[in-house]
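Student: First to last, the protein sequences are chains A and B. Under my numbering, the first residue of the first sequence carries the number 30, and numbering increases by one thereafter. Under my numbering, the first residue of the second sequence carries the number 490, and numbering increases by one thereafter. We treat Cβ as the ideally placed atom computed from N, Cα and C, and that holds for glycine. First, the structure itself, so that you have it in front of you.
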Amino acid sequence: KQEVTQIPAALSVPEGENLVLNCSFTDSAIYNLQWFRQDPGKGLTSLLLIQSSQREQTSGRLNASLDKSSGRSTLYIAASQPGDSATYLCAFFSNDYKLSFGAGTTVTVRA
Amino acid sequence: NAGVTQTPKFQVLKTGQSMTLQCAQDMNHEYMSWYRQDPGMGLRLIHYSVGAGITDQGEVPNGYNVSRSTTEDFPLRLLSAAPSQTSVYFCASSYSWTSVLGGELFFGEGSRLTVL
Chain A
30 KQEVTQIPAA
40 LSVPEGENLV
50 LNCSFTDSAI
60 YNLQWFRQDP
70 GKGLTSLLLI
80 QSSQREQTSG
90 RLNASLDKSS
100 GRSTLYIAAS
110 QPGDSATYLC
120 AFFSNDYKLS
130 FGAGTTVTVR
140 A
Chain B
490 NAGVTQTPKF
500 QVLKTGQSMT
510 LQCAQDMNHE
520 YMSWYRQDPG
530 MGLRLIHYSV
540 GAGITDQGEV
550 PNGYNVSRST
560 TEDFPLRLLS
570 AAPSQTSVYF
580 CASSYSWTSV
590 LGGELFFGEG
600 SRLTVL
């Protein structure tokens, strides 16, 4: 079974600082990975999807990378803003099409 | 479009009671699913459906029942609630399973259930 770990569980940074969120997985046989955002009391919203053949994906201030050999994915958020405060979850599709979620990193951006 | 609508948003049950969490979508999505989210753990799949009349078990199906009589609705039934089922439940849908693999998974806002 795919194990997905996100460290740290929580992160607090001043506005303007770049954010680096880490996600590690145990099974390198992944189909793709996805990063989600969850606001308090809300459902998940998809941010970025990286196919297993890709190494990174970018959307605005967000950049996600994938290194299958080391079992890691990283989400970078440039020039953080208070509106970026949320919980960020990574999820992997394994090659048997099972979707495994990490527990998330809760980010607080201080104004 | 209302998207994915879950009701109720909050519910308190006593051990042994039964209830149904409702999930409805108005996007003509074939794929629908139920997850539970517990503190310190990732979302875990309970049951899913790839179309009306078709359901299958996910990672943690015990104690839950589902049916899919229409494309729009996918209710989750707790047959005899237990304290271990205290959790936040999310319904998610997509146009098809292929769309899910393409990253298109739409979530409801969740139903918070407490079992005493």
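Using three-state DSSP, classify L76(A) as helix, strand or coil.
Tutor: It is a strand residue.
Student: Look at the Cβ atom of T134(A), then the Cβ atom of I36(A), and state whether they are nearer than 9 Å.
Tutor: Against a cut-off of 9 Å, the Cβ pair of I36(A) and T134(A) comes out as a contact.
Student: Are the segment 573-588 of chain B and the segment 57-65 of chain A touching by the rule of at least three beta carbon pairs closer than 8 Å?
Tutor: In short, these stretches do not touch, since the Cβ pair count stays below three.
Student: From the DSSP secondary-structure annotation, give me the bridge partner or partners of T509(B).
Tutor: Its beta-bridge partners are R566(B).
Student: Can you check whether the C-beta of F54(A) is within less than 9 Å of a C-beta belonging to chain B?
Tutor: Chain B contact via Cβ: absent.
Student: Kindly indicate which three-state DSSP category L40(A) falls into: helix, strand or coil?
Tutor: In this structure, L40(A) counts as strand in the three-state DSSP scheme.
Student: For V138(A), is the classification buried or exposed, using 16 other Cβ atoms within 10 angstroms of its Cβ as the cut-off for buried?
Tutor: It counts as buried.
Student: Since T587(B) is in the alpha helix (DSSP H), which residue starts that stretch and which ends it?
Tutor: Run containing T587(B): W586 to L590, per the alpha helix (DSSP H) assignment.
Student: DSSP state of S582(B), grouped into three classes?
Tutor: Three-state DSSP puts S582(B) in a strand.
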